[in-house]
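Working notes for the structure below.
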Amino acid sequence: MLIPNKMNTLLLIIYLIVTIWAFGSIVLHGSRPTKSLSWLLTILAIPFGGPLLYYLFGVNRRKFRFFRLRQSEKRKLYDENYKSITTNEEDFKINTNEHSKLARLIKNTTYFSPYAGNNVTILDNGLETFDAIFEAVENAKKFIHLQYYIFEKGELFDRFYEIFERKIKEGVEVRLIYDSVGSFAFRGKIIKRFKTIGVKAYPMMPLRFGSLLFTLNYRNHRKIAVIDGTTGFIGGVNVTDKYIKKQTHLGVWKDIHLKIEGPAVDSIHRIFIKDYHFASNEDLLITEKYLPKNETKGDTTVQIVTSGPDSKQPAVMQQYVAMINSAKKSISIANPYFIPGTTVLQAIKIAALSGVKINILIPKISDSLMAKYSMFSRFEELLAIGVNIIMRKDFSHSKLIIVDNEIASIGSGNFDYRSFEHNFEANAVIYDENVIKTICKEFNDFINNNERLDYERFKNRSIIQKFIEGLAKFFSPLL
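Position in the sequence shown (first residue = 1) + 359 = our numbering.
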């Protein structure tokens with residue numbers, strides 16, 4: 360009986376140590392009282408499991424020396440070096456004072472200025488997106504640089520491999536960054552197959568025993584491609600056959616992507632260069648070969664927004680809040696994971712109560728029940744103040760916000776905690792009413808031809824659904 364008693368005492372001591380550590384960490388480093396309270400309750404409710412969940416998903420590792428030194432310092436050093444080669448204030452060619460404030464905010468948080476003189480092509484779905492990407496890749500003369508959250512086996516995967524093999528034989532350099540979680544199957548023999556033909560492929564935040572607990576919660580969610588430094592792609596489309604054929608009950612995924620030619624490609628490429636250096640430890644690709652001077656290709660002004668857990672500011676969240684606050688007439692949002700935190704939610708409420716017309720377009724079906732019910736938990740309070748919520752029949756993965764039909768943002772950033780705080784994201788802000796007209800027309804078609812939630816009917820939904828929504832809302836900081 361003596362050994363079990365000693366074992367129980369040891370377990371109790373370990374439990375007290377990890378629980379006290381977790382409590383202290385939350386009190387010292389918690390960024391929001393509501394989120395901190397959720398974690399405190401989780402730790403109390405789930406012995407051992409609660410502290411482990413907090414360690415994996417709740418710790419703000421930017422506050423810890425290990426994460427600063429191993430994961431962030433070389434990225435921040437790149438930012439400091441990049442300051443000396445950014446464009447001048449004269450690049451701010453924005454028409455209105457409100458838009459100028461947004462542009463300045465983005466530059467101060469990301470170092471990226473708005474660039475005039477771009478040609479922007481709106482790509483409405485996966486087929487259009489990959490047709491454009493494959494065409495650009497086929498025409499590559501110097502290099503092909505790709506970065507995706509999901510790089511998954513299938514028809515698209517095989518097509519990339521076949522093109523890479525040919526282009527490398529022609530002397531074209533191919534570099535690929537992928538996320539270790541999103542592209543979990545891209546490892547072992549599969550990645551070796553790509554490396555054998557000369558593709559330089561590296562994971563972001565690799566899942567390794569020594570660093571797993573420090574990196575699991577931080578994912579590279581960006582979807583960008585740069586060809587020869589002159590053509591760039593940015594948006595929400597991953598490399599998966601879900602975008603070109605039906606694989607599940609969700610059908611063919613819908614998404615929006617951008618093809619950009621002109622000076623703004625430089626900003627997209629700098630995101631890749633920084634991430635590639637971080638993932639590979641190879642020398643920075645800051646030479647004229649990789650960053651050529653891009654001539655004017657069109658009339659559109661574009662500004663790139665990037666953020667991540669190493670950023671000094673939550674740039675994507677601040678971008679969305681600034682856009683919402685600048686609205687005078689209308690705000691249109693399309694997002695598959697509309698789970699805004701308190702700051703964004705209050706900005707939307709203030710805009711709605713100020714008379715701004717707000718339409719939020721979300722998919723009726725979802726790839727995550729937890730995310731779906733967490734979204735629904737916020738709808739009643741928004742419907743009550745006049746926000747329109749429309750449920751499109753198919754599954755749309757698009758991340759879009761349009762303000763006053765004058766400025767729009769398209770990219771990888773969702774309206775959720777993960778995109779605001781944990782993921783590496785990239786958006787493109789378009790300052791061009793003519794380009795935005797095309798986006799608005801399609802958005803309005805969905806508004807007019809899909810189900811609009813009725814406030815009276817929605818507030819009378821069953822108590823069981825409300826309970827499920829409440830549970831999902833509790834876990835929303837983890838989504």
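All C-beta atoms, glycine included, are put in the ideal place defined by N, C-alpha and C. This structure is a prediction, so every number in the text was calculated from the model and none was measured.
Using a Cβ-Cβ cut-off of 7 Å (strictly less than) and excluding sequence neighbours within five positions of residue i, which residues of its own chain qualify?
| i | result |
| --- | --- |
| Ile-645 | Ile-632 |
| Ile-585 | Residue identity differs from the one stated: residue 585 is Val in this sequence, not Ile. Same-chain partners within the cutoff: His-504, Gly-591, Val-624, Ile-627, His-628, Phe-631. |
| Val-596 | Gly-485, Thr-488, Lys-582, Tyr-602, Asp-614, His-616 |
| Glu-739 | Phe-817, Lys-818 |
| Ala-499 | Lys-526, Val-531, Ile-586, Asp-587 |
| Lys-604 | Val-611 |
| Ile-683 | Ile-690, Ala-706, Ile-707, Ala-710 |
| Ser-835 | Ile-698, Ser-733, Tyr-776 |
| Glu-524 | Ile-556 |
Given residue i, which residues of its chain have a CB within under 6 Å of its CB, disregarding the five upstream and five downstream residues?
| i | result |
| --- | --- |
| Thr-445 | Since pLDDT at Thr-445 reaches only 45, below the 50 mark, its modelled position is unreliable, and the value read off the structure follows with that caveat. Closer than 6 Å at the Cβ level, and outside the excluded window around Thr-445, lie Tyr-470. |
| Ser-639 | Tyr-561 |
| Leu-643 | His-636 |
| Ser-768 | Ile-760, Asn-786, Val-788 |
| Thr-480 | Lys-618 |
| Lys-559 | Arg-534 |
| Ile-692 | Ile-719, Ile-760 |
Using a Cβ-Cβ cut-off of 8 Å (strictly less than) and excluding sequence neighbours within five positions of residue i, which residues of its own chain qualify?
| i | result |
| --- | --- |
| Lys-548 | none |
| Thr-368 | none |
| Tyr-790 | Ile-453, Asn-454, His-458, Ala-462, Pro-473, Thr-659, Thr-660, Val-661, Gln-662, Glu-765, Ile-766 |
| Lys-814 | According to the sequence as given, residue 814 is Tyr; it is not Lys. Closer than 8 Å at Cβ, skipping near neighbours: Glu-739, Leu-742, Ala-743. |
| Ser-542 | Tyr-507, Tyr-508, Ile-509, Phe-510, Glu-511, Pro-562 |
| Phe-493 | Arg-518, Ile-522 |
| Asp-634 | Gln-506, Ile-536, Met-563, Asn-579, Arg-581, Phe-783 |
For residue i, which of the options has the nearest alpha-carbon?
| i | options | result |
| --- | --- | --- |
| Ala-544 | Pro-622, Lys-512, Pro-565 | Lys-512 |
| Phe-697 | Phe-779, Ile-503, Ile-556, Ser-626 | Phe-779 |
| Glu-810 | Ile-721, Gln-677, Phe-783, Ser-666 | Ile-721 |
| Lys-825 | Gln-705, Asp-804, Met-734, Val-794 | Met-734 |
| Leu-482 | Leu-535, Glu-457, Ile-619, Ile-707 | Ile-619 |
| Phe-333 | Met-564, Val-598, Asn-477, Pro-473 | Residue 333 lies beyond the stretch modelled for the chain, which goes from 360 to 838, so this question has no answer here. |
| Phe-754 | Val-746, Asn-477, Arg-737, Asp-726 | Asp-726 |
| Gly-476 | Asn-653, Ser-713, Gly-700 | Asn-653 |
| Ser-757 | Thr-378, Ile-717, Asp-490, Gly-594 | Gly-594 |
| Ala-706 | Thr-468, Met-750, Phe-774 | Phe-774 |
| Leu-712 | Ile-690, Ile-822, Gln-506 | Ile-690 |
| Pro-695 | Ala-674, Val-664, Lys-723, Gln-677 | Lys-723 |
| Tyr-507 | Glu-784, Asn-576, Lys-800, Val-794 | Glu-784 |
| Ala-686 | Met-676, Gly-772, Pro-673, Gly-714 | Gly-714 |
| Lys-688 | Lys-716, Lys-501, Pro-651 | Lys-716 |
| Glu-514 | Val-703, Met-564, Asn-807, Asp-600 | Asp-600 |
| Lys-656 | Arg-546, Ser-539, Ile-465, Thr-589 | Thr-589 |
| Lys-832 | Asn-793, His-608, Val-680, Met-729 | Met-729 |
| Val-746 | Ser-771, Leu-704, Thr-797, Gly-770 | Leu-704 |
| Leu-650 | Leu-609, Lys-501, Val-540, Lys-796 | Lys-501 |
According to the neighbour-count rule (16 or more other Cβ atoms, all chains shown, within 10 Å of its Cβ), is residue i buried or exposed?
| i | result |
| --- | --- |
| Ser-670 | buried |
| Lys-648 | exposed |
| Glu-457 | buried |
| Lys-731 | buried |
| Pro-622 | buried |
| Asp-517 | exposed |
| Glu-828 | buried |
| Ser-666 | buried |
| Arg-578 | buried |
| Arg-751 | buried |
| Arg-552 | exposed |
| Pro-565 | exposed |
| Gln-678 | buried |
| Lys-466 | buried |
| His-781 | buried |
Can you give me the start and stop residues for the beta strand (DSSP E) that residue i sits inside?
| i | result |
| --- | --- |
| Arg-525 | Arg-525 -> not in any beta strand (DSSP E); alpha helix (DSSP H) instead, spanning 514-528. |
| Thr-646 | Careful: Thr-646 lies outside any beta strand (DSSP E) and carries neither H nor E. |
| Gln-506 | 502-507 |
| Ile-603 | Careful: Ile-603 lies outside any beta strand (DSSP E) and carries neither H nor E. |
| Phe-543 | Phe-543 -> no beta strand (DSSP E), and no H or E assigned at all. |
| Lys-559 | 559-563 |
| Val-479 | 474-482 |
| Phe-592 | 590-594 |
Since residue i is in the alpha helix (DSSP H), which residue starts that stretch and which ends it?
| i | result |
| --- | --- |
| Glu-828 | 822-833 |
| Arg-578 | No alpha helix (DSSP H) holds Arg-578; DSSP gives it neither H nor E. |
| Leu-486 | 485-497 |
| Ile-583 | Where Ile-583 is concerned, there is no enclosing alpha helix (DSSP H), although the beta strand (DSSP E) it sits in stretches over 583-586. |
| Lys-551 | 548-555 |
| Phe-817 | 814-818 |
Below 6 Å, is the gap between the Cβ of residue i and the nearest heavy atom of the ligand ZN?
| i | result |
| --- | --- |
| Asp-804 | The ligand content of the structure shown is nil, which means the ligand ZN is not present either. |
Any Cβ of chain D within less than 7 Å of the Cβ of residue i?
| i | result |
| --- | --- |
| Gln-824 | You won't find chain D in this structure, because it holds only one protein chain. |
* To do: Any chance you could list the beta strand (DSSP E) runs of at least 3 consecutive residues sitting entirely within the segment 716-798, in chain order?
  => Taken in chain order, the whole beta strand (DSSP E) runs of length 3 or more contained in the segment 716-798 are 716-722, 747-751, 759-762, 766-770, 784-790.
* Asked: Can you list the beta strand (DSSP E) stretches of 3 or more residues lying completely in the segment 665-726, in chain order?
  -> Listed in chain order, the complete beta strand (DSSP E) runs (minimum 3 residues) inside the segment 665-726 are 689-693, 716-722.
* Contiguous beta strand (DSSP E) assignments of at least 3 residues, all confined to the segment 616-640 -> Segments of the beta strand (DSSP E) lying fully in the segment 616-640: 616-620.
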